[in-house]
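Comments concern the structure below.
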Amino acid sequence: MNKNQNYYKEELQKLSVDYGVPLKLCYGKELFESLNIPQVWDEVLTHLVRWRETLPDLPSLNFDENPLESFKEIKDLAPSVYRKLLDNDGIFNLVLILFPEQKVLKMLVEHFRQQNKTIYQQLASKLAARLLPLR
Numbered sequence: 033m034n035k036n037q038n039y040y041k042e043e044l045q046k047l048s049v050d051y052g053v054p055l056k057l058c059y060g061k062e063l064f065e066s067l068n069i070p071q072v073w074d075e076v077l078t079h080l081v082r083w084r085e086t087l088p089d090l091p092s093l094n095f096d097e098n099p100l101e102s103f104k105e106i107k108d109l110a111p112s113v114y115r116k117l118l119d120n121d122g123i124f125n126l127v128l129i130l131f132p133e134q135k136v137l138k139m140l141v142e143h144f145r146q147q148n149k150t151i152y153q154q155l156a157s158k159l160a161a162r163l164l165p166l167r
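This is how it looks when you write it as structure tokens:
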């Protein structure tokens, strides 16, 4: 915050000179104290606490928490979808965030190996190779 504070102070100084008005940098309660209404800051904090309590729970981004359900949802995606995921390092890194324990990904490897088509054997090899360095 100190780095930002220095930047904003410099910018405010420039604006103050350019417009000929005094400007002051305030963080949090400082603004309300300078306006002689410190109780408003307390009201803002109280409101934010109540607001946070009304927010719905965010869904989990860990699809390995319920691996069987996640596997059922994605196992029948088209091979082209899996190729795109596996052939792009950036995208695959995002996949690893969604499947941090790799449970579902390992299930997919086995699922692909059980398929008779060549494309699935290739997908199984590609996915298994992607998982090996991460073990």
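Residues in the sequence shown are numbered from 33 upward in steps of one, following this note's numbering.
Each residue gets a CB set at the ideal place from its N, CA and C atoms; glycine is no exception.
Cβ of H143 less than 9 Å from any chain C Cβ? Absent from the structure is chain C; it holds one protein chain and no more.
Every unbroken alpha helix (DSSP H) inside the stretch 53 to 77 [4 residues or more]: 61 to 66
Exposed or buried, which one is S112 when buried takes at least 16 other CB atoms within 10 Å? Stepping through the sequence shown from its first residue, residue 112 is reached at position 80. Answer is exposed; the Cβ neighbour count stays below 16.
C-beta atoms of K116 and I106 nearer than 9 Å: Taking the first residue of the sequence shown as 1, we reach residue 116 at position 84. Taking the first residue of the sequence shown as 1, we reach residue 106 at position 74. It is not a contact, given that the beta carbons lie outside the stated cut-off.
Using 8 Å as the cut-off, can you tell me whether the stretch 132 to 140 makes contact with the stretch 91 to 105, which would need three or more C-beta pairs spanning the two stretches below that distance? yes
Is L159 closer than 9 Å to F144 when the C-beta atoms are compared? As a position in the sequence shown, residue 144 is number 112, starting the count at 1. As a position in the sequence shown, residue 159 is number 127, starting the count at 1. In this structure, L159 lies closer than 9 Å to F144 by Cβ.
Reference E142; option with closest CA among E133, H79, Q153: Stepping through the sequence shown from its first residue, residue 142 is reached at position 110. Among E133, H79, Q153, the Cα nearest to that of E142 belongs to Q153.
Does the Cβ of Q134 have 16 or more other Cβ atoms within 10 Å, making it buried, or fewer, making it exposed? Sequence index remark: in the sequence shown, residue 134 carries index 102 (1-based). Buried: at least 16 other Cβ atoms inside 10 Å.
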